[in-house]
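Student: Position one of the sequence shown corresponds to residue 1 (full-length UniProt numbering), numbered consecutively onward.
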Amino acid sequence: MQPTIGTVLRKEGEGVAVRPVLLNYGIRSLKGGNVSQPVGFQSVTSSKRRNVKKCWYVFLLVGFFGIFDVCKIVDDLQIFKGSSLGLFHNVEAFLGEGTFGFVTKCHNFETDEAVAIKISKSDPSFLQQARREIAILKQLQCLDPDTCNIVRWNGYFFHKDHICLSFELLDQSLFAYMKERNNFGLPVMELRPIIYQINMALGHLKSKGIAHTDLKPDNVMVVDRHQKPLRVKLIDFGLACPASELTPGFIAQSLWYRAPEVMLHIPYNEAIDMWSLGLIAAELATGYPLYPGNMPYDVLNFIIETQGLPGDYVLERGMNVEYFFFRQGNSQHRWRLKSPGEFRYATGLYATDTRYIRFKCLDEIEQLMRMQMGHHHHHHLLVSLIKGLLNLDADQRLTPMDVPQHPFITLNLDIANNPVGTEQELLEVCVQP
């Protein structure tokens, strides 16, 4: 029996994909979010159990005494609350950590303001990553960070062998904001300006020939959660690069927000960011990620279940299609997605359904929104926008220039739903020189 629309398939945290991305200002805990081991029962030796127990004992002990809140270690660098960074910064709090290092809240004595400092590891590969991010940020310095919805970068400095990037201090990520709402979808009045502002940021990146390649709720920051309507800014340019340098086979984007052309090794461009925007819009509308897979096969399987197969002309361009698909002879489609059993036989990897809610088509998003918030005659326009952003053919996908012209953006809310008229303020386009 198939679950009906709006049915939660599993409880929070029960048998679901672990979110592959965390934290703010470009720090992530799992690179790409891929799962390299088959999902399923695996035996654990007694020695491994003992090691796991030891790890938990240490974790509980350290957590009990609050050491994680007062000290961080990156390579041979120990940072405490109250420590100095560079010449003008004093550490006040720790905001997040991950593969590349961690982020601290600091007080800048020179400017007398609170800032966020992203501290890179001293390993050469991470230093090179930080230098690439600096190069991108320098290209974006000519843009107004407030009107272009991009985090303000204050520059960088060295602390011993570590590169430290200074950013304006923002409130919380969209992921954290949604979590505070218990994963309940946002009303149209909040959705419209958020989508518009993220698209604004992507439009300015495109004007500079830059692809973000890691757009997700964790990398969109709320400026002030108490300010209505919400103002948001795009952060984390650690994986951003010139669109001309994007190469088929290079794995960009976090898995849950990864465009099909990236997984299939089809030539791609900054349109992959618009795909991610579509998934963010769906997640903000429903409260749950649309395609939370453990591995690329899962995500492709979810996409095809909800949106159907990409056209043959799309699949024929992929260099990795046969890893996921079988070629058929006499059929309407030349390609067929391997079944979970066929994929497991070919790769040894176990497919899992980790979705909270299973949509048979994107139109069911509107039904779920009605169940959560009641009827609103702009729900169908939002779904239309999401469909345009999630077009399986990247060449037909909506662009940053198309989104402001979409009826969901251009049509004002009813006065009853927008009594103070503040939404229109966020729909004013700023043209940069």
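The C-beta atom is built at its ideal place from N, Cα and C for all residues, glycine as well.
Being a predicted model, the structure only gives us computed values, none of them experimental.
Could you check which residue in Trp275, Tyr297, Leu284, Ala394 has the C-alpha nearest to that of Asn182?
Tutor: By one-based count along the sequence shown, residue 182 stands at place 182. Answer by Cα proximity: Leu284.
Student: Please name the residue, chosen from Met295, Glu270, Leu170, that lies closest to Thr104 on a Cα-to-Cα basis.
Tutor: Position 104 of the sequence shown, counted from the first residue, corresponds to residue 104. Of Met295, Glu270, Leu170, the residue nearest in Cα terms is Leu170.
Student: Give a yes or no on whether the C-beta atoms belonging to His265 and Pro248 are separated by under 8 Å.
Tutor: Within the sequence shown, numbered from 1, the residue matching residue 265 stands at position 265. Within the sequence shown, numbered from 1, the residue matching residue 248 stands at position 248. Yes, the Cβ-Cβ distance between His265 and Pro248 is below 8 Å.
Student: Which value, in whole angstroms, describes the spacing of the CA atoms of Glu322 and His379?
Tutor: Locating residue 322 in the sequence shown gives position 322, counting from the first residue. Locating residue 379 in the sequence shown gives position 379, counting from the first residue. Cα to Cα, the separation comes out at about 38 Å.
Student: Between the region 175 to 193 and the region 125 to 138, are three or more C-beta pairs nearer than 8 Å?
Tutor: The region 175 to 193 is not in contact with the region 125 to 138.
Student: State the DSSP-derived secondary structure class of Arg231, mapped to helix, strand or coil.
Tutor: Here the question's residue 231 lines up with position 231 in the sequence shown. Here Arg231 sits in coil by DSSP.
Student: Please work out which residues of its chain come closer than 8 Å, Cβ to Cβ, to Phe158, disregarding the five sequence neighbours upstream and downstream, and give them in chain order.
Tutor: Sequence index remark: in the sequence shown, residue 158 carries index 158 (1-based). Within the same chain, Phe158 has close Cβ partners Gly86, Cys164.
Student: Near Gly287, what residues of its chain come up, given a Cβ to Cβ distance below 6 Å and the 5 sequence neighbours on each side ignored?
Tutor: Along the sequence shown, read from residue 1 onward, the residue named residue 287 stands at position 287. These residues qualify, in order along the chain: Asn183, Phe184, Gly185.
Student: Please return the same chain residues whose Cβ sits closer than 7 Å to the Cβ of Glu190, not counting the five positions on each side in sequence.
Tutor: As a working mapping, residue 190 is identified with position 190 in the sequence shown. Cβ neighbours of Glu190 beyond the five flanking positions: Pro229, Leu230.
Student: Could you check whether the region 190 to 206 touches the region 216 to 230, counting it as contact only if at least three pairs of C-beta atoms, one from each stretch, sit closer than 8 Å?
Tutor: Touching, per the Cβ criterion.
Student: Once the 5 residues before and after Ser83 are set aside, which same chain residues still bring their CB inside 7 Å of it?
Tutor: Locating residue 83 in the sequence shown gives position 83, where the first residue counts as 1. Val91.
Student: Name the DSSP beta bridge partners of Pro242, please?
Tutor: Numbered from 1 along the sequence shown, position 242 holds the residue referred to as residue 242. Ile210, per the DSSP bridge assignment.
Student: What is the residue span of the alpha helix (DSSP H) that Leu140 lies within?
Tutor: As a first step, residue 140 must be located in the sequence shown, where it is residue number 140. Element bounds for Leu140: 124 to 140.
Student: Whose CA, out of Gln405, Leu389, Lys121, lies closest to the CA of Ser276?
Tutor: As a first step, residue 276 must be located in the sequence shown, where it is residue number 276. With distances taken between Cα atoms, Ser276 lies closest to Leu389.
Student: Ile150 and Leu234 look like a contact to me (Cβ under 8 Å); what is the Cβ gap, rounded to whole Å?
Tutor: Taking the first residue of the sequence shown as position 1, residue 150 is located at position 150. Taking the first residue of the sequence shown as position 1, residue 234 is located at position 234. About 5 Å separates the two Cβ atoms, so the contact holds.
Student: In chain order, which beta strand (DSSP E) runs of at least 3 residues are fully inside the region 137 to 200?
Tutor: Counting only runs of 3 or more, we get 153 to 159, 162 to 168.
Student: From the DSSP output, in three-state form, read off Val115 for me.
Tutor: Locating residue 115 in the sequence shown gives position 115, counting from the first residue. Three-state DSSP puts Val115 in a strand.
Student: What residues are listed by DSSP as bridge partners for Val103?
Tutor: Counting from one through the sequence shown, the residue named residue 103 turns up at place 103. Partner(s): Gly96, Lys118.
Student: Which two residues bound the contiguous alpha helix (DSSP H) that contains Arg370?
Tutor: Residue mapping note: residue 370 aligns to position 370 of the sequence shown, counting from 1. Note, Arg370: alpha helix (DSSP H), 364 to 373.
Student: Give me the Cβ distance between Leu300 and Met274, rounded to the nearest whole Å; I'm assuming they're in contact under 8 Å.
Tutor: For the purposes of this step, residue 300 is taken as residue 300 along the sequence shown, with counting starting at 1. For the purposes of this step, residue 274 is taken as residue 274 along the sequence shown, with counting starting at 1. About 18 Å; that fails the 8 Å criterion.
Student: For Leu255, would you say it is in contact with chain D, using Cβ-to-Cβ distances shorter than 8 Å as the test?
Tutor: No chain D is present in this structure, which holds just one protein chain.
Student: Rounded to the nearest angstrom, what separates Leu77 and Gln367 at their Cα positions?
Tutor: Taking the first residue of the sequence shown as 1, we reach residue 77 at position 77. Taking the first residue of the sequence shown as 1, we reach residue 367 at position 367. Rounded to the nearest angstrom, the two C-alpha atoms are 52 Å apart.
Student: Checking 8 Å against the spacing of the C-beta atoms, do Val115 and Ser166 come in under that value?
Tutor: Position 115 of the sequence shown, counting from 1, holds the residue named residue 115. Position 166 of the sequence shown, counting from 1, holds the residue named residue 166. The answer is yes: Cβ separation under 8 Å.
Student: Can you list, in chain order, the residues of its chain whose CB lies under 8 Å from that of Leu202, leaving out five sequence neighbours each side?
Tutor: Position 202 of the sequence shown, counted from the first residue, corresponds to residue 202. Hits under 8 Å: His212, Leu215, Leu234, Glu270, Asp273, Met274, Leu277, Pro400.
Student: With DSSP collapsed to three states, give me the class of Leu337.
Tutor: Along the sequence shown, one-based indexing puts residue 337 at 337. Correct three-state label for Leu337: strand.
Student: Given a cut-off of 8 Å on the beta-carbon distance, is the pair Ile409 and Val383 in contact?
Tutor: Position 409 of the sequence shown holds residue 409. Position 383 of the sequence shown holds residue 383. No.
Student: Is it buried or exposed, Phe343, if we count other Cβ atoms within 10 angstroms and call 16 or more buried?
Tutor: As a first step, residue 343 is located in the sequence shown; it is residue number 343 there, counting from the start. The residue in question, Phe343, is buried, as its Cβ has 16 or more Cβ neighbours within 10 Å.
Student: Is Asp146 buried or exposed, if buried means 16 or more other CB atoms sit within 10 Å of its CB?
Tutor: Within the sequence shown, the letter at position 146 stands for residue 146. It is exposed - the Cβ of Asp146 has fewer than 16 other Cβ atoms within 10 Å.
Student: DSSP three-state label for Gln328, please.
Tutor: Taking the first residue of the sequence shown as position 1, residue 328 is located at position 328. Coil.
Student: Kindly indicate which residue of Phe100, Gln129, Thr99, His89 has the alpha-carbon position closest to the one of Trp110.
Tutor: The count along the sequence shown starts at 1 and reaches residue 110 at position 110. It should be noted that the sequence gives Glu, not Trp, for residue 110. Answer by Cα proximity: His89.
Student: Can you give the Cα-Cα distance for Ala281 and Gln139, rounded to whole angstroms?
Tutor: Counting from one through the sequence shown, the residue named residue 281 turns up at place 281. Counting from one through the sequence shown, the residue named residue 139 turns up at place 139. Approximately 28 Å between the Cα atoms of the pair.
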